[in-house]
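Sequences listed follow chains A and B, in order.
Those letters in the first sequence? Residues 267 to 418, by the working numbering.
Those letters in the second sequence? Residues 267 to 418, by the working numbering.
Virtual Cβ for every residue (Gly too), placed ideally from N, Cα, C.
Encoded as structure tokens, the structure appears first; notes follow it.
2 protein chains.
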Amino acid sequence: MKQAIDVFHEYIARNGLKVTPQRMLIVEVFMSAGGHLTTEELYERVKATDPSVGQATVYRTMKLLCDSGLAKEVHFGDGVARYEQKYGSKHHDHLICEACGENIEVLDDEIERLQEDLARRHGYVLTSHRMYLFGVCGKCRSDGKRRPPRED
Amino acid sequence: MKQAIDVFHEYIARNGLKVTPQRMLIVEVFMSAGGHLTTEELYERVKATDPSVGQATVYRTMKLLCDSGLAKEVHFGDGVARYEQKYGSKHHDHLICEACGENIEVLDDEIERLQEDLARRHGYVLTSHRMYLFGVCGKCRSDGKRRPPRED
DNA sequence: TTACCTGCAAACAGTTTGCAGGCCG
DNA sequence: CGGCCTGCAAACTGTTTGCAGGTAA
């Protein structure tokens, strides 16, 4: 099966770009991290392995990853860009706990279908959508945890 | 029936704030504009009436409007905050045309219900959500219009 | 009179970009 | 070797904040 790293190499080759140690390191860190990391978090983790890498390279490489289809930039509404893995992962929506920040990827086929219907009723053909559900998870409810409400 | 402007006055009074010409002008511009304006757009329109108003005042007043429940800050993913009217308007989601930028407010009760269900299945209690549907409207499809894809 | 407000400009945070040197292919 | 890459720092964008003077109540 084709690995994500292969997709990246193909993209690099197809566009006359180059494979560099920095790019490989960043891709590796990103692919093995999993979650929804900010550029800052990625930068920190990259520096843990190679302190000489600059922030700009992380930004530039993440843009490359997005273009190549490996990553997707998401915004939760707090003004910072986050990246999630896209290659080989199905579309999903986000369920976010406002108390602890937990972020679950969810999917409901029925909702997906109704979204298409809704758009069609207005004469639209959908190309994509974003759905963020904000709430409090069971654990935080019993802990009584709070957190300043996000800007919305 | 209670007008939006009354809500603003009450909020002002309740919090020991003051009614100023700048604030009234900004509220007026915002309430009569309707759409989903950015701070920049609001600022331009305000300046058309009173060129002496500063950007900072627009930012500060919009924050006030949000706190008072008249406005709501929304993010479509392009890094700029937009404001929509909230008072007297029901919750809704957004259907956005990627070609012409048209933005329709939509609502589907069935989807709303399923969102609650979905969250509950994961042990969450929902407090709010955001749903943006991106596509191409009927008019733009027949015109064959395009526009660079938004960052997503 | 006394807070609160305002415009201005400086400060900020996140992100982008110009540049001189470095390295992949 | 030539062109892409890199780190650095400066530039940029959207937004916030400190300050000295102005004004609503």
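With 7 Å as the threshold, decide whether the Cβ of residue i is near any Cβ in chain A.
i                   : result
phenylalanine 400/B : yes
aspartate 333/B     : no
tyrosine 349/B      : no
alanine 385/B       : yes
glutamine 321/B     : no
alanine 388/B       : For the record, residue 388/B in the displayed sequence is histidine; it is not alanine. Histidine 388/B counts as touching chain A.
histidine 302/B     : no
isoleucine 278/B    : no
Residue i: which of the options sits nearest, CA to CA?
i               : options                                : result
lysine 356/B    : His341/B, Glu378/B, Asp344/B           : Glu378/B
glutamate 375/A : Val312/B, Asp375/B, Leu384/B           : A small correction: the amino acid at residue 375/A is aspartate; glutamate does not occupy that position in the sequence shown. Measuring from the Cα of aspartate 375/A, the nearest candidate turns out to be Leu384/B.
leucine 303/B   : Asp333/B, Gln381/B, Glu368/B           : Glu368/B
tyrosine 309/A  : Ser298/A, Thr315/A, Cys332/A, Gln321/A : Gln321/A
serine 247/A    : Asp333/A, Ala337/A, Arg289/A, Met297/A : Outside the modelled stretch of chain A, which goes from 267 to 418, sits residue 247/A, for which no answer is possible.
glycine 404/A   : Gly389/B, Ala337/B, Tyr353/B           : Gly389/B
tyrosine 353/A  : Glu307/A, Phe296/A, Lys284/A           : Phe296/A
alanine 270/A   : Arg311/A, Met328/A, Gly335/A, Arg280/A : Gly335/A
tyrosine 277/A  : Lys329/A, Tyr349/A, Arg348/A, Leu392/A : Lys329/A
threonine 323/B : Gly282/B, Arg348/B, Ile292/B, Glu350/B : Ile292/B
aspartate 316/B : Arg386/B, Glu307/B, Ala299/B, Pro287/B : Pro287/B
glycine 300/B   : Arg387/B, Gln351/B, Arg386/B, Arg326/B : Gln351/B
serine 408/A    : Asp409/B, Val391/B, His395/B           : Val391/B
Could you confirm whether any beta carbon from chain B is found closer than 7 Å to the beta carbon of residue i?
i                : result
threonine 286/A  : no
methionine 397/A : yes
aspartate 374/A  : yes
glycine 343/A    : yes
Could you work out which residues of chain A lie near residue i, taking near to mean beta carbons separated by less than 7 Å?
i            : result
valine 391/B : Gly401, Val402, Arg407
Residues in its own chain within less than 8 Å of residue i by CB, not counting five upstream and five downstream?
i               : result
glycine 401/B   : Leu361, Ile362, Cys363, Glu364
histidine 358/A : Glu371, Val372, Leu373
arginine 416/B  : Model confidence at arginine 416/B stands at a pLDDT of 48, short of 50, so the residue's coordinates are unreliable; what they give is reported in the following sentence. If we look at arginine 416/B and ignore the five residues flanking it on each side, its Cβ neighbours are Phe342, Gly343, Asp344, Glu364, Phe400.
tyrosine 325/B  : Thr305
aspartate 272/B : none
histidine 395/B : Gln381
Just the chain B side, please: which residues come within less than 8 Å of residue i by C-beta, in chain order?
i               : result
glutamate 371/A : In chain order: nothing, as chain B lies at least about 10 Å away.
leucine 380/A   : Asp374, Glu376, Ile377, Leu380
leucine 361/A   : Leu384, Ala385, His388, Tyr390
What in chain B is Cβ-close to residue i, meaning under 7 Å?
i               : result
glutamate 364/A : Thr393
Near residue i, what residues of its chain come up, given a Cβ to Cβ distance below 7 Å and the 5 sequence neighbours on each side ignored?
i               : result
valine 346/B    : Thr304
cysteine 332/B  : Lys338, Glu339
aspartate 418/A : Because the pLDDT of aspartate 418/A is 44, which lies under 50, any placement of that residue in the model is unreliable, and the number read from its coordinates should be weighed accordingly. Cβ within range, chain order: Gly343.
glutamate 307/B : none
Starting from the C-beta of residue i, find all residues in its chain whose C-beta is less than 6 Å away, skip the five residues before and the five after it, and write them out in chain order.
i                : result
arginine 311/A   : Val295
methionine 397/B : Asp359
threonine 327/A  : Arg289, Ile292
arginine 386/B   : none
**Whole alpha helix (DSSP H) elements within the stretch 306-365 of chain A, 4-residue minimum** = 321-334
Any chance you could list the alpha helix (DSSP H) runs of at least 4 consecutive residues sitting entirely within the stretch 365-402 of chain B, in chain order? 375-387
Please list the segments of the alpha helix (DSSP H) lying wholly inside the stretch 268-308 of chain A, counting only runs of 4 or more residues, in order along the chain. 270-280, 287-299
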